[in-house]
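In our numbering, the protein residues as written are 155 to 315. Glycine is no exception: its CB is placed at the ideal position from the N, C-alpha and C atoms.
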């Protein structure tokens, strides 16, 4: 079955009127940098007498490329989460965004970081602290994961779209 990484957070802002949910997936700047490193390093490795000495570096770069393959799946999951929050939990969507958060970078699977709302906004803090609010947020995430799993099991190759 599918393996996923979901990091749950509550947001904060100096502007106490800030509100809404955001879901992040790994930003492209991380993988573009890694691709450039791979190209540069691979060209040097070819000139070495003992290219095996660079196996650890190559493995790290390959892990980066694998993470890149998960980016599309991560974006799809992020879209599903935001859709559930907006339509099921009636939360304001601040959108799906890309970022280079280390927790996303380190995951070897589709990964998202979910900001469930702003604790600095009195209304959102009450919602997030309530049984109803927590149930709606949890239900939205559950439904997004369920829908992701259905697509995954259908064999859709989300990574190559």
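Residue i burial status per 10 Å Cβ neighbour count (16 or more: buried)
| i | result |
| --- | --- |
| residue 225 | buried |
| residue 167 | exposed |
| residue 283 | exposed |
| residue 265 | buried |
| residue 258 | buried |
| residue 307 | exposed |
| residue 204 | exposed |
| residue 169 | exposed |
| residue 173 | buried |
Three-state class that DSSP yields for residue i in the structure shown
| i | result |
| --- | --- |
| residue 255 | coil |
| residue 226 | helix |
| residue 300 | helix |
| residue 170 | coil |
| residue 247 | strand |
| residue 276 | helix |
| residue 309 | coil |
| residue 293 | helix |
Closest Cα partner of residue i within the set the options
| i | options | result |
| --- | --- | --- |
| residue 295 | 270, 286, 278 and 274 | 270 |
| residue 243 | 169, 286, 299 and 301 | 286 |
| residue 298 | 233, 309, 179 and 223 | 233 |
| residue 250 | 261, 237 and 303 | 237 |
| residue 268 | 280, 229, 276 and 171 | 229 |
| residue 303 | 256, 235 and 164 | 235 |
| residue 277 | 162, 171 and 164 | 171 |
| residue 157 | 248, 288 and 263 | 263 |
| residue 162 | 241, 255 and 223 | 255 |
Residues bridged to residue i (per DSSP)
| i | result |
| --- | --- |
| residue 268 | 162 and 177 |
| residue 284 | Answer by DSSP bridge pairing: none, since residue 284 is not bridged. |
8 Å Cβ cutoff met for residue i and residue j
| i | j | result |
| --- | --- | --- |
| residue 116 | residue 181 | With the chain covering only 155 through 315, there is no way to say anything about residue 116. |
| residue 245 | residue 177 | no |
| residue 179 | residue 261 | no |
| residue 239 | residue 165 | no |
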